[in-house]
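Engineer: Protein sequence lines, in the order shown, are assigned to chains A and B.
Using the UniProt record's numbering, the letters of the first sequence correspond one by one to residues 1 to 352.
Using the UniProt record's numbering, the letters of the second sequence correspond one by one to residues 1 to 356.
The structure is given below, and queries will be raised subsequently.
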Amino acid sequence: MASATGITQKEELAFRHNTLNNKQLSAQDREALIRSHLPPEPINVSHSSSPSPAPSSPSRSKRSRSRSNKPKAGPVRSFVYFIVYQIIALIFSIFFRFRRSWRLFWYKFRSVMGHHHRSPEWIVSDVKNLEQIPKHLSVVLDYHEDDQDQGTAGLEGLVNDVCEIAAWTAAAGIPFLSVYEPTGVLKNYHTQTYAAIQQTLETYFGSRRRPTLTVKAPHMTSYSPPGTPSSDPTENGSTTSRPHLTVLLLSELDGRDTIVDLTVTLAQMAQKGDVRIDQIDANLIDAELNDHVSTEPDLLILFSPTVVLKGYPPWQLRLTEIFHLPDNKGVNYQVFLQALKKFGKAEFRIGR
Amino acid sequence: MASLHKHGISKWIASSPPIAWTVRQLRELLIGALRQGPIPQHVAFVMDGNRRFAREQHIETVEGHNMGFEALARILEVCYKAGVKVVTIYAFSIENFKRSKHEVDALMAMAKLKLLQLSEHGALLDRYGASIRILGQRELVKADVIEAIDKAVAMTAHNKRTVLNVCFPYTSRDEITTAVRSTVEQFNTPIDIVQTPSKRTFSESHITQHIRKQMVGEDKDGPPSQDASRSASPAAKSSGESQSSATSTAINSSEKDETPTTGPTYPDPETITVETLNNNMLTAGAPPLDLLVRTSGVERLSDFMLWQSHENTSIVFLKCLWPEFDLWHFLPVLVEWQWQKKKLLEQQRSRGIKSD
Numbered sequence: 001m002a003s004a005t006g007i008t009q010k011e012e013l014a015f016r017h018n019t020l021n022n023k024q025l026s027a028q029d030r031e032a033l034i035r036s037h038l039p040p041e042p043i044n045v046s047h048s049s050s051p052s053p054a055p056s057s058p059s060r061s062k063r064s065r066s067r068s069n070k071p072k073a074g075p076v077r078s079f080v081y082f083i084v085y086q087i088i089a090l091i092f093s094i095f096f097r098f099r100r101s102w103r104l105f106w107y108k109f110r111s112v113m114g115h116h117h118r119s120p121e122w123i124v125s126d127v128k129n130l131e132q133i134p135k136h137l138s139v140v141l142d143y144h145e146d147d148q149d150q151g152t153a154g155l156e157g158l159v160n161d162v163c164e165i166a167a168w169t170a171a172a173g174i175p176f177l178s179v180y181e182p183t184g185v186l187k188n189y190h191t192q193t194y195a196a197i198q199q200t201l202e203t204y205f206g207s208r209r210r211p212t213l214t215v216k217a218p219h220m221t222s223y224s225p226p227g228t229p230s231s232d233p234t235e236n237g238s239t240t241s242r243p244h245l246t247v248l249l250l251s252e253l254d255g256r257d258t259i260v261d262l263t264v265t266l267a268q269m270a271q272k273g274d275v276r277i278d279q280i281d282a283n284l285i286d287a288e289l290n291d292h293v294s295t296e297p298d299l300l301i302l303f304s305p306t307v308v309l310k311g312y313p314p315w316q317l318r319l320t321e322i323f324h325l326p327d328n329k330g331v332n333y334q335v336f337l338q339a340l341k342k343f344g345k346a347e348f349r350i351g352r
Numbered sequence: 001m002a003s004l005h006k007h008g009i010s011k012w013i014a015s016s017p018p019i020a021w022t023v024r025q026l027r028e029l030l031i032g033a034l035r036q037g038p039i040p041q042h043v044a045f046v047m048d049g050n051r052r053f054a055r056e057q058h059i060e061t062v063e064g065h066n067m068g069f070e071a072l073a074r075i076l077e078v079c080y081k082a083g084v085k086v087v088t089i090y091a092f093s094i095e096n097f098k099r100s101k102h103e104v105d106a107l108m109a110m111a112k113l114k115l116l117q118l119s120e121h122g123a124l125l126d127r128y129g130a131s132i133r134i135l136g137q138r139e140l141v142k143a144d145v146i147e148a149i150d151k152a153v154a155m156t157a158h159n160k161r162t163v164l165n166v167c168f169p170y171t172s173r174d175e176i177t178t179a180v181r182s183t184v185e186q187f188n189t190p191i192d193i194v195q196t197p198s199k200r201t202f203s204e205s206h207i208t209q210h211i212r213k214q215m216v217g218e219d220k221d222g223p224p225s226q227d228a229s230r231s232a233s234p235a236a237k238s239s240g241e242s243q244s245s246a247t248s249t250a251i252n253s254s255e256k257d258e259t260p261t262t263g264p265t266y267p268d269p270e271t272i273t274v275e276t277l278n279n280n281m282l283t284a285g286a287p288p289l290d291l292l293v294r295t296s297g298v299e300r301l302s303d304f305m306l307w308q309s310h311e312n313t314s315i316v317f318l319k320c321l322w323p324e325f326d327l328w329h330f331l332p333v334l335v336e337w338q339w340q341k342k343k344l345l346e347q348q349r350s351r352g353i354k355s356d
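Structure (structure tokens):
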């Protein structure tokens with residue numbers, strides 16, 4: 001299959017080494033070789049009539065003429081194309097549907113077999129063999145206004161998803177979770193989200209071992225626990241062994257718009273003379289965005305069937321490992337676990 | 001996957017002239033068929049896996065890159081014949097300079113050679129209507145390569161139909177930084193010198209000029225006086241804001257031609273939008289990125305097209321290595337993209353009906 005390029009051996013060698021029968025090719029030779037591969041266009045005719053190709057100065061009149069009578073396939077040919085297109089579309093659509101059902105069945109099977117039973121120990125044993133665990137995990141969630149696809153719709157479904165993911169994250173020993181949801185509806189229910197996550201953590205860990213929690217969002221004061229007295233001593237000294245989980249809520253506004261905001265601020269400062277143009281560099285932008293929005297996540301999990309980022313903060317995605325299960329729809333533990341497993345094996349090379 | 005050396009016979013058969021001709025016709029047929037559906041307007045490729053391919057085939061790294069270039073030529077042909085308007089390829093990252101000097105030098109030499117060869121075939125490129133653009137940090141490239149780049153770019157600049165963006169010393173963060181910086185620079189230039197599109201058609205200074213003209217009773221043309229005001233503005237800029245009150249009083253007393261009312265007037269930074277930054281990106285003017293393909297199974301963007309791909313771009317990660325990449329790998333990707341596109345349209349339509 002790999003060699004089905006439609007190129008003969010002679011042509012391939014000529015292309016690769018720029019020689020034909022051990023002779024260096026000139027520009028004309030190459031053009032002669034490649035003639036049969038060129039797109040069929042009217043300009044073809046005008047060129048064969050004038051055998052001296054003028055590479056440096058393509059005459060304008062020729063091109064304008066070729067543009068006027070556009071490449072038009074004959075009716076038979078275009079009919080054949082149409083038929084073939086329909087056949088391909090049909091075959092693939094059947095194939096895609098089958099593949100999706102098979103995958104969904106397989107995911108379902110795995111999720112039943114590998115359920116976490118809402119117990120952190122189970123999750124710990126799932127991830128304990130991994131070589132590395134991300135320090136900063138990020139997830140992309142969707143806010144469905146109507147439940148056309150599944151039961152988890154509306155704000156309740158969304159909060160529910162966040163809670164579950166937060167509990168898994170805490171159990172896996174990841175200290176930082178950022179939740180991206182384009183509309184930013186969660187930011188409006190800051191305290192409620194906090195309470196809900198708190199409660200879920202309690203059902204997972206029990207009130208004794210429950211990790212401490214901070215929920216924050218860019219441009220908002222972080223919501224730290226008023227009702228957990230133990231959070232203060234942890235910050236002073238390591239008196240308690242409770243892990244801490246930080247949940248960061250991100251929305252579409254934290255993406256491109258924030259970079260625009262930063263530009264506006266910089267422009268204002270530059271006009272006042274507070275900042276010089278040459279002071280604006282990647283480090284400055286990186287520092288600002290890190291402080292005000294989010295750091296670069298190590299792993300991004302998508303629960304959508306395809307990889308579409310939906311406006312995720314672009315600057316932060318530089319080397320982030322992106323994970324999705326094809327055709328999967330909706331939050332479930334298997335996606336989370338597969339992502340961590342893949343990440344555990346991934347090697348990181350800067351500069352490819 | 002048929003490897004390079006092992007399947008000598010099947011390869012020999014596949015590349016014998018009659019078979020090659022048939023395969024070529026089949027390819028044309030498939031591409032022509034694909035054209036019947038929606039086609040992504042802007043496609044980006046991360047050409048990953050050349051080195052691993054070389055390692056697996058026991059050939060030199062440089063030869064792997066050469067094979068990668070052949071794959072690129074094949075896929076560009078497919079793209080342009082299928083009707084893609086803009087193709088963006090990640091040829092060389094700024095981070096790649098960290099690789100061994102031997103490899104970097106070889107890559108640079110290859111880029112130069114291919115660009116120079118390309119320059120010899122201007123007429124053929126015209127047939128594809130393709131213009132080449134090099135995106136990235138030019139300062140990092142040696143002078144002789146720059147020369148080859150400029151030659152190829154200049155020669156194809158008149159082509160408008162399709163574009164090949166070659167990201168050559170490029171990282172996306174660098175691109176965003178440059179865009180931010182040049183936006184700040186634009187908004188740090190007084191309005192009168194650079195004609196930044198302002199929202200209002202009528203400027204106050206222009207009206208006062210006219211009033212004054214009427215008072216004096218002159219009947220000169222507008223443009224020369226406007227020029228005078230424009231050339232006068234740098235002086236006003238240097239004089240700073242402290243003088244602005246003085247000049248405004250000067251206007252009240254209607255003295256001489258000290259027309260510019262205030263000191264440096266800057267465009268309002270609040271008018272900066274996503275569009276402003278878009279226009280300052282290296283891909284300015286290109287349609288939004290529809291499809292991004294990365295080969296060799298690495299599921300990361302690696303500092304490529306961060307700004308462009310983070311919204312509605314379909315990102316596809318493929319297992320195959322770049323030198324193996326061909327129509328046969330690209331076809332399913334394209335068909336799936338078309339399928340999703342059609343589903344999306346259907347959804348939108350049904351939603352539109354619902355809302356009505």
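For each residue, glycine too, the CB sits at the ideal point set by N, CA and C.
Computed from a predicted model, the values in this text were never measured in an experiment.
Residues of chain A with a CB under 9 Å from the CB of Thr61 of chain B: which are they?
Structural biologist: By 1-based counting over the second sequence, the position of residue 61 of chain B is 61. The contacting residues do not exist; Thr61 of chain B stays about 13 Å from chain A at best.
Engineer: Smallest Cα separation from Thr271 of chain B: which of B:Phe69, B:His121, B:Thr183?
Structural biologist: Position 271 of the second sequence, counted from the first residue, corresponds to residue 271 of chain B. Nearest of B:Phe69, B:His121, B:Thr183 to Thr271 of chain B, Cα basis: B:Thr183.
Engineer: Would you check if the distance between the CB atom of Lys310 of chain A and the CB atom of Asn312 of chain B is smaller than 9 Å?
Structural biologist: Stepping through the first sequence from its first residue, residue 310 of chain A is reached at position 310. Stepping through the second sequence from its first residue, residue 312 of chain B is reached at position 312. Taking 9 Å as the Cβ cut-off, Lys310 of chain A and Asn312 of chain B qualify as a contacting pair.
Engineer: Alpha carbon to alpha carbon, how far is Glu31 of chain A from Asn283 of chain A?
Structural biologist: Taking the first sequence and counting its residues from 1, one reaches residue 31 of chain A at position 31. Taking the first sequence and counting its residues from 1, one reaches residue 283 of chain A at position 283. Going by the C-alpha atoms only, they are around 48 Å apart.
Engineer: Tell me the DSSP secondary structure of Ala284 of chain B in three-state form.
Structural biologist: For the purposes of this step, residue 284 of chain B is taken as residue 284 along the second sequence, with counting starting at 1. Of the three classes helix, strand and coil, the one that applies to Ala284 of chain B here is coil, per DSSP.
Engineer: Is it a yes or a no for the segment 295-308 of chain A touching the segment 135-145 of chain A, going by three-plus beta-carbon pairs under 8 Å?
Structural biologist: Note that the segment 295-308 of chain A touches the segment 135-145 of chain A; at least 3 beta-carbon pairs, one per stretch, sit closer than 8 Å.
Engineer: Counting along the chain, where does the alpha helix (DSSP H) carrying Ser101 of chain A start and finish?
Structural biologist: The count along the first sequence starts at 1 and reaches residue 101 of chain A at position 101. 75-113 is the extent of the alpha helix (DSSP H) around Ser101 of chain A.
Engineer: In this structure, how does DSSP classify Ser350 of chain B when only helix, strand and coil are distinguished?
Structural biologist: Walking along the second sequence from the start, residue 350 of chain B turns up at place 350. Ser350 of chain B falls in the helix class under three-state DSSP.
Engineer: Ignore the nearest five residues each way along the sequence and tell me which others in Ser350 of chain B's own chain have a CB closer than 7 Å to its CB.
Structural biologist: As a first step, residue 350 of chain B must be located in the second sequence, where it is residue number 350. Closer than 7 Å at the Cβ level, and outside the excluded window around Ser350 of chain B, lies no residue.
Engineer: Along the chain, where does the beta strand (DSSP E) containing Cys167 of chain B start, and where does it finish?
Structural biologist: The residue labelled residue 167 of chain B in the question sits at position 167 within the second sequence. First-last of the beta strand (DSSP E) with Cys167 of chain B: 162-167.
Engineer: In the DSSP assignment, what are the bridge partners of Phe323 of chain A?
Structural biologist: In the first sequence, counting from the first residue as 1, residue 323 of chain A sits at position 323. Paired residues: A:Ile301.
Engineer: Mind checking which residues open and close the beta strand (DSSP E) that includes Lys216 of chain A?
Structural biologist: Locating residue 216 of chain A in the first sequence gives position 216, where the first residue counts as 1. Its beta strand (DSSP E) spans residues 212-216.
Engineer: Which residue wins for smallest C-alpha separation from residue 402 of chain B, given the options B:Tyr80, B:Asn50, B:Ile59?
Structural biologist: Because chain B is modelled from 1 through 356, residue 402 of chain B falls outside the range shown and cannot be assessed.
Engineer: Applying the criterion that 16 or more other CB atoms from any shown protein chain within 10 Å of the CB defines a buried residue, is Ser251 of chain A buried or exposed?
Structural biologist: As a working note, residue 251 of chain A is residue 251 in the first sequence. When all chains shown are included, Ser251 of chain A counts as buried.
Engineer: Check each residue of the segment 300-323 of chain B: if its Cβ is closer than 8 Å to any Cβ of chain A, include it; give the result in chain order.
Structural biologist: Of all residues in the segment 300-323 of chain B, only Arg300, Leu301, Ser302, Asp303, Leu306, Trp307, Ser309, His310, Glu311, Asn312, Thr313, Ser314, Ile315, Val316, Phe317 place a beta-carbon less than 8 Å from a beta-carbon of chain A.
Engineer: If you follow the alpha helix (DSSP H) that Ser125 of chain A is in, where does it begin and where does it stop?
Structural biologist: Counting from one through the first sequence, the residue named residue 125 of chain A turns up at place 125. Start and end: 120-127.
Engineer: Just curious, the alpha helix (DSSP H) that Ala33 of chain B is in, first and last residue?
Structural biologist: As a position in the second sequence, residue 33 of chain B is number 33, starting the count at 1. Counting along the chain, the alpha helix (DSSP H) containing Ala33 of chain B begins and ends at 17-34.
Engineer: Around the C-beta of Ser178 of chain A, are 16 or more other C-beta atoms found within 10 angstroms, so that it is buried, or is it exposed?
Structural biologist: Taking the first residue of the first sequence as position 1, residue 178 of chain A is located at position 178. Counting Cβ neighbours within 10 Å, Ser178 of chain A comes out buried, since at least 16 surround it.
Engineer: Taking 6 Å as the limit between beta carbons, can you name the residues of its chain near Met67 of chain B, skipping five residues before and five after?
Structural biologist: To locate residue 67 of chain B, count along the second sequence from 1; it is residue 67. Result list for Met67 of chain B: Pro323, in chain order.
Engineer: Which full runs of the beta strand (DSSP E) of 3+ residues lie inside the segment 118-167 of chain B, going along the chain?
Structural biologist: 130-135, 162-167
Engineer: Identify whether residue 364 of chain A lies in helix, strand or coil by the three-state DSSP scheme.
Structural biologist: Shown here, chain A extends from 1 to 352; a query on residue 364 of chain A therefore has no answer.
Engineer: Going by DSSP, what residue range makes up the alpha helix (DSSP H) through Ser205 of chain B?
Structural biologist: By 1-based counting over the second sequence, the position of residue 205 of chain B is 205. Run containing Ser205 of chain B: 204-216, per the alpha helix (DSSP H) assignment.
Engineer: Within the chosen definition, does the segment 265-281 of chain A reach the segment 241-248 of chain A through at least 3 CB pairs nearer than 8 Å?
Structural biologist: no
Engineer: Taking only beta-carbon positions, decide if Gly154 of chain A is within less than 9 Å of chain B.
Structural biologist: By one-based count along the first sequence, residue 154 of chain A stands at place 154. It does not: the Cβ of Gly154 of chain A has no partner Cβ on chain B nearer than 9 Å.
Engineer: Could you give the C-beta distance for Leu302 of chain A and Ile322 of chain A, rounded to a whole number, given that I count them as a contact under 8 Å?
Structural biologist: Stepping through the first sequence from its first residue, residue 302 of chain A is reached at position 302. Stepping through the first sequence from its first residue, residue 322 of chain A is reached at position 322. Confirmed, about 7 Å.
Engineer: Leaving out the 5 sequence neighbours to the left and right, which residues in its chain are closer than 8 Å to Arg173 of chain B when beta-carbon positions are compared?
Structural biologist: Here the question's residue 173 of chain B lines up with position 173 in the second sequence. Same-chain partners within the cutoff: Asp303, Leu306.
Engineer: Rounded to the nearest angstrom, what separates Glu28 of chain B and Ala166 of chain A at their Cα positions?
Structural biologist: Taking the second sequence and counting its residues from 1, the one referred to as residue 28 of chain B is at position 28. Taking the first sequence and counting its residues from 1, the one referred to as residue 166 of chain A is at position 166. Each residue's Cα considered, the two are about 51 Å apart.
Engineer: Against chain B, does Ser138 of chain A count as a neighbour if the rule is that its beta carbon must be under 9 Å from one of theirs?
Structural biologist: Locating residue 138 of chain A in the first sequence gives position 138, counting from the first residue. Nearest CB-CB separation between Ser138 of chain A and chain B: not below the 9 Å threshold.
Engineer: Would the segment 205-213 of chain B and the segment 128-135 of chain B be scored as touching if the rule is three or more Cβ pairs under 8 Å?
Structural biologist: no
Engineer: Taking only the alpha-carbon atoms, compute the straight-line gap between Lys81 of chain B and Ala111 of chain B and give it to the nearest angstrom.
Structural biologist: Taking the first residue of the second sequence as 1, we reach residue 81 of chain B at position 81. Taking the first residue of the second sequence as 1, we reach residue 111 of chain B at position 111. Approximately 24 Å, taken between the alpha carbons.
Engineer: Going by beta-carbon coordinates alone, are Phe336 of chain A and Trp168 of chain A separated by less than 9 Å?
Structural biologist: Within the first sequence, residue 336 of chain A is the residue found at index 336, counting from 1. Within the first sequence, residue 168 of chain A is the residue found at index 168, counting from 1. Yes; because the gap between Cβ atoms is below 9 Å, this pair is in contact.
Engineer: Less than 9 Å between the beta carbons of His190 of chain A and Val162 of chain A, yes or no?
Structural biologist: Sequence index remark: in the first sequence, residue 190 of chain A carries index 190 (1-based). Sequence index remark: in the first sequence, residue 162 of chain A carries index 162 (1-based). Cβ atoms of His190 of chain A and Val162 of chain A: not closer than 9 Å.
Engineer: Out of A:Gln28, A:Val307, A:Asn290, which one is the CA nearest neighbour of Ala123 of chain B?
Structural biologist: Locating residue 123 of chain B in the second sequence gives position 123, counting from the first residue. Among A:Gln28, A:Val307, A:Asn290, the Cα nearest to that of Ala123 of chain B belongs to A:Gln28.
Engineer: With distances taken from CA atoms, which of B:Trp339, B:Arg74, B:Ala109, B:Arg35 is nearest Ile149 of chain B?
Structural biologist: The sequence position of residue 149 of chain B within the second sequence is 149, counting from 1. Residue B:Ala109 is the option with its Cα nearest to Ile149 of chain B.
Engineer: Output needed for Leu116 of chain B: all residues of its chain with C-beta closer than 6 Å, excluding positions within five of it in sequence on either side, in chain order.
Structural biologist: As a first step, residue 116 of chain B must be located in the second sequence, where it is residue number 116. Within the same chain, Leu116 of chain B has close Cβ partners Ala148.
Engineer: Name the chain B residues that come within less than 8 Å of Val76 of chain A, Cβ to Cβ?
Structural biologist: The residue you call residue 76 of chain A lines up with position 76 of the first sequence. What Val76 of chain A touches in chain B: nothing, since even the nearest Cβ is about 12 Å away.
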